[in-house]
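K.L.:
Here the sequence shown stands for residues 7 to 296, where the numbers follow the numbering used here.
Let me give you the structure first, and then I'll get to my questions.
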Amino acid sequence: MQKDMHATVDIPRFLFDAWRSGREITCGIAWDIYRDRHTIIKNIRIYRELTGGRCVIYTGEKIDGIKSSLQRICSDPALRMMEDLYSGDINCAVRGSISSRDILNAIKIVYKVRDPGRSLFFDIAGDHLFLSPVGIDELKAPEDKIDNIIKVATVTEKMGKTPRILVLGPGRVGDEDRDSKIADGMRQARKILQSIKNRGMDAEGGDICIERLRYQDFTHVVAPDGVSGNLIFRTSVFLFNAQAYGAPALNLPDVYVDTSREKRDAFRAMIMAHFLASMRDNHEHAVYRS
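Below is the structure:
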């Protein structure tokens, strides 16, 4: 069944090959009661058939067609889900159709984290890569971007791939004298590029030439800022039908994958969350809490 479903929904084979079999994973997903219930039922079914995982849904009212034991009905589904993730009641969590504001507020309350460090994983014409930042107010400082690049590289290696980073700037080399913001952005891009190269990482870029993606294999694209990263995401996914697998929040000690409410295939983010949870050592959660 897993093989047939994989072919039907076109999930990257390496996600299935990489995760550890035999470990029970419970994935939580928050769902807006005003969204189509058939969509969430379909996504849960696909997730379960592909992974064998268990799914718990956090919602404001009972959803017909889903076992009561798998529903957590509460006044604040986002907060309840993040509390359960923090406590270890679930192994991973996915935003689903709840508002971004609610989820980000819940993360701040539960984890005391200002910047979750979300990095989108998506498929462009058969090439699978990460993109960050995608939150419009995230990863502003060069140090934050460098830390994110290191974390993304760790996940990339767990996928069985060799990290290769494309660092983008807001202009071409020589454009610095056209605007002070462009000059600042170019200096930041070069600083980031040099820093990660000094760490022995394979990286290129430093300018605005995103078209390098057409000719070279990269595993991570680093946008100049969260606004441009969000625009790259929306253009790729909503205009040109790139497949998105959600944006793992890599600044959290637990596995949370963000999604867009406009996407109806939340099962892809659920599979990404399942993969990340399955790759964690059993003692990681306990060590963080001690």
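C-beta atoms are modelled at their ideal positions from N, C-alpha and C, and glycine is treated no differently.
Please work out which residues of its chain come closer than 8 Å, Cβ to Cβ, to MET192, disregarding the five sequence neighbours upstream and downstream, and give them in chain order.
P.N.:
Translated into positions along the sequence shown, residue 192 becomes position 186. Within the same chain, MET192 has close Cβ partners GLY175, PRO176, GLY177, VAL179, ASP181, GLU182, GLY212, ASP213.
K.L.:
Taking the DSSP output, what are the residues bridged to SER138?
P.N.:
Translated into the one-based positions of the sequence shown, residue 138 becomes position 132. Partner(s): VAL228.
K.L.:
So what does ILE35 bridge to, in DSSP terms?
P.N.:
Here the question's residue 35 lines up with position 29 in the sequence shown. ILE63, VAL100.
K.L.:
Report all residues from its chain with a CB closer than 6 Å to the CB of TRP37; omit the five preceding and five following residues, and keep chain order.
P.N.:
The sequence position of residue 37 within the sequence shown is 31, counting from 1. Same-chain partners within the cutoff: ILE46, ILE63, THR65, GLY102, SER103.
K.L.:
Would you mind working out which of ALA283, ASP271, HIS134, SER242 sits nearest LEU256, comparing C-alpha positions?
P.N.:
Walking along the sequence shown from the start, residue 256 turns up at place 250. It is ALA283.
K.L.:
Hey, how far is the Cα of LYS146 from the Cα of LYS73?
P.N.:
In the sequence shown, residue 146 corresponds to position 140, counting from 1. In the sequence shown, residue 73 corresponds to position 67, counting from 1. One C-alpha to the other measures close to 43 Å.
K.L.:
What do you reckon, are the CB atoms on ILE171 and ASP121 nearer than 8 Å?
P.N.:
For the purposes of this step, residue 171 is taken as residue 165 along the sequence shown, with counting starting at 1. For the purposes of this step, residue 121 is taken as residue 115 along the sequence shown, with counting starting at 1. Going by C-beta atoms, ILE171 is not nearer than 8 Å to ASP121.
K.L.:
How many Å lie between ILE216 and THR160 at the Cα?
P.N.:
As a working note, residue 216 is residue 210 in the sequence shown. As a working note, residue 160 is residue 154 in the sequence shown. Roughly 23 Å separates the two Cα atoms.
K.L.:
On the DSSP letters alone, give me the boundaries of the alpha helix (DSSP H) that PRO191 sits inside.
P.N.:
The residue labelled residue 191 in the question sits at position 185 within the sequence shown. Residue identity check: residue 191 is Gly in the sequence provided, not Pro. Element bounds for GLY191: 186-204.
K.L.:
Measuring straight from C-alpha to C-alpha, what distance separates MET165 and HIS280?
P.N.:
As a working note, residue 165 is residue 159 in the sequence shown. As a working note, residue 280 is residue 274 in the sequence shown. For MET165 and HIS280, the distance between alpha carbons rounds to 13 Å.
K.L.:
Using the Cα positions of SER266 and THR241, report the straight-line distance between them to the nearest angstrom.
P.N.:
Looking up residue 266 in the sequence shown gives position 260. Looking up residue 241 in the sequence shown gives position 235. Each residue's Cα considered, the two are about 13 Å apart.
K.L.:
Where does VAL161 sit, in a helix, a strand or coil, going by DSSP?
P.N.:
Translated into positions along the sequence shown, residue 161 becomes position 155. Three-state DSSP puts VAL161 in a helix.
K.L.:
At the level of alpha carbons, what is the spacing between THR168 and TYR262?
P.N.:
Stepping through the sequence shown from its first residue, residue 168 is reached at position 162. Stepping through the sequence shown from its first residue, residue 262 is reached at position 256. Computed Cα separation, rounded: 23 Å.
K.L.:
Would PRO254 and MET278 be called neighbours here (beta carbons separated by less than 8 Å)?
P.N.:
As a working note, residue 254 is residue 248 in the sequence shown. As a working note, residue 278 is residue 272 in the sequence shown. Contact: yes.
K.L.:
Going straight from the alpha carbon of ILE155 to that of PHE127, what length do you get?
P.N.:
Numbered from its first residue, the sequence shown carries residue 155 at position 149. Numbered from its first residue, the sequence shown carries residue 127 at position 121. About 13 Å.
K.L.:
Anyone know if the C-beta pair for ILE17 and ARG43 falls short of 8 Å?
P.N.:
Residue numbering aside, residue 17 sits at position 11 when the sequence shown is read from its first letter. Residue numbering aside, residue 43 sits at position 37 when the sequence shown is read from its first letter. It is not a contact, given that the beta carbons lie outside the stated cut-off.
K.L.:
Just how far apart, CA to CA, sit ILE115 and GLU210?
P.N.:
Within the sequence shown, numbered from 1, the residue matching residue 115 stands at position 109. Within the sequence shown, numbered from 1, the residue matching residue 210 stands at position 204. Cα to Cα, ILE115 sits roughly 37 Å from GLU210.
K.L.:
Please report the straight-line C-alpha distance between LYS203 and VAL227, rounded to a whole angstrom.
P.N.:
In the sequence shown, the residue the question calls residue 203 occupies position 197. In the sequence shown, the residue the question calls residue 227 occupies position 221. One C-alpha to the other measures close to 15 Å.
K.L.:
Run through the DSSP bridge pairs and tell me what LEU174 is partnered with.
P.N.:
For the purposes of this step, residue 174 is identified with residue 168 of the sequence shown, where counting begins at 1. ASP213, per the DSSP bridge assignment.
K.L.:
Taking the alpha carbon of ASP153 as the reference point, which residue from ASP82, ARG124, HIS134 has its own alpha carbon closest?
P.N.:
Start at 1 with the first residue of the sequence shown, and residue 153 comes out as number 147. The residue with the shortest Cα to Cα distance from ASP153 is ARG124.
K.L.:
So the candidates are LEU135, ILE109, TYR53; which of them puts its Cα closest to the Cα of ARG220?
P.N.:
Along the sequence shown, read from residue 1 onward, the residue named residue 220 stands at position 214. For the residues LEU135, ILE109, TYR53, the minimum Cα distance to ARG220 belongs to LEU135.
K.L.:
For the beta strand (DSSP E) containing PHE311, name the first residue and the last one.
P.N.:
Outside the displayed range of the chain (7 to 296) lies residue 311, so it cannot be described from this structure.
K.L.:
Starting from VAL263, follow the alpha helix (DSSP H) in both directions and report where the run begins and ends.
P.N.:
Counting from one through the sequence shown, the residue named residue 263 turns up at place 257. No alpha helix (DSSP H) holds VAL263; the beta strand (DSSP E) holding it covers 261-264.
K.L.:
Let's see if you can read the secondary structure: which residues bound the alpha helix (DSSP H) around ARG270?
P.N.:
Residue 270 sits at position 264 when you count from the first residue of the sequence shown. ARG270 -> no alpha helix (DSSP H), and no H or E assigned at all.
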